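Structure, as structure tokens:
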Amino acid sequence: IARVYGLNKIQAGEMVEFASGVKGMASNLENENVGIVIFGSDTAIKEGDIVKRTGSIVDVPVGKAMLGRVVDALGVPIDGKGALSAVERRRVEVKAPGIIARKSVHEPMQTGLKAVDSPVPIGRGQRELIIGDRQTGKTAIAIDTIPNQKQINAQGTSDSEKLYCVYVAIGQKRSTVAQLVKILSEAGASEYSIIVAATASDPAPLQFLAPYSGCAMGEYFRDNGMHALIIYDDPSKQSVAYRQMSLLLRRPPGREAFPGDVFYLHSRLLERAAKMSDQTGA
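Counted the way UniProt numbering counts, the sequence shown spans residues 1 to 282.
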């Protein structure tokens, strides 16, 4: 957390840049100063450094150029395959679609697992919680679903028939993410997948931001007449990161020291999943 003085007329959620090149986001707007969460290492930041406003709310690159890549929460590639080609940018925080813009969930999303598809079929535009004790295979269900879309995507002639996958790893071990990348590339599933990774060693603000970044990438497909599957693994680690940020920003804590808006943190994220109506071009 950095407390910055003199940033007049800054917007909530605006991206700022420190002298060292590290980015940050304005979180707390107070009378005297602005509480900024830092997206990166704070070791290069010194007292008295100059902080510049960027004038834009935090955004990430989106588009088909992201497919097959591993990126961090700010959309910067971390897979060593070079910079991203021609991409548009999109805000990470947008309002969920309204009731009129939606359509009832009527199209199935096959996971390829009979134990899921038969008793509890999942529809496109729906949210589904995978819950269970540790080491019971929650992540395995999610990861198996991605390669299982390969056949559907191979048969799909137009983009509107394919299902693009976004996997958001929040607070996981780097070895686990590397293993996932290996599984997907070996299965030939990485060509229609994006992995957004905010690992356990990343700062809390990046773990907090990753689900919103992944959601923005998925929304690009949703809003351009395509389908997307997004997996958050797992949002409870986002809550822990958000609690850490909120306590450092001196926001009043609630039960178990979580801030009062910890439920809104997830509801505003999950409500962005929608089956859009034909009028909205979905």
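Cβ atoms here follow ideal geometry from the backbone N, Cα and C, with glycine treated the same way.
Owing to the predicted nature of the structure, the values given are computational and were not obtained by experimental measurement.
Nearest to residue i (by Cα), restricted to the options the options
i: K9; options: S104, Q172 and T54; result: T54
i: I183; options: Y5, S246, N148 and F263; result: N148
i: E128; options: V116, Q135, G137 and S190; result: V116
i: K138; options: K81, D234, E186 and A273; result: D234
i: L29; options: A198, Y5 and V76; result: Y5
i: L142; options: G24, G156 and A169; result: Going by the sequence as given, residue 142 is Ala instead of Leu. Looking at the Cα atoms, A169 is the closest of the given residues.
i: T58; options: P97, S158 and R89; result: Reading the sequence as shown, one finds Val at residue 58 and not Thr. If we check each option's Cα against that of V58, R89 comes out closest.
i: D247; options: L7, Q179, S27 and D202; result: The identity of residue 247 in the sequence shown is Leu, whereas the question assumes Asp. Nearest C-alpha to L247: S27.
i: G260; options: I78, S239 and R272; result: S239
i: E186; options: A198, P253, K150 and G171; result: K150
i: V262; options: A273, R272 and R243; result: R243
Status (buried if at least 16 other CB within 10 Å, exposed otherwise) for residue i
i: R3; result: exposed
i: V177; result: buried
i: I50; result: exposed
i: F18; result: buried
i: P108; result: exposed
i: F221; result: buried
i: Y264; result: exposed
i: A12; result: exposed
Terminal residues of the alpha helix (DSSP H) in which residue i lies
i: V177; result: R174 to E186
i: R268; result: V262 to L270
i: I146; result: K138 to N148
i: V37; result: It is not in any alpha helix (DSSP H) - V37 instead sits in the beta strand (DSSP E) that spans N33 to F39.
i: L206; result: A204 to D223
8 Å contact criterion, which residue i and residue j should meet: CB distance rounded
i: V105; j: Q135; result: Contact flag wrong, Cβ pair sits at about 31 Å.
i: L270; j: I1; result: No, L270 and I1 are not in contact; Cβ-Cβ is about 27 Å, not under 8 Å.
Boundaries of the beta strand (DSSP E) in which residue i is found, first to last residue
i: V62; result: D59 to V62
i: L17; result: In the sequence on display, residue 17 carries Glu and not Leu. It spans E14 to F18 - the beta strand (DSSP E) in which E17 sits, taken as one unbroken run.
i: A169; result: L163 to I170
Is the number of C-beta pairs between the stretch 221-239 and the stretch 159-167 that are closer than 8 Å three or more? yes
Any contact of the stretch 33-48 with the stretch 205-220, i.e. 3+ C-beta pairs under 8 Å? yes
Pairs of beta-carbons, one from the stretch 96-111 and one from the stretch 267-279, closer than 8 Å: are there three or more? yes
Cβ contact (3+ pairs, closer than 8 Å) linking the stretch 193-200 and the stretch 61-68: yes
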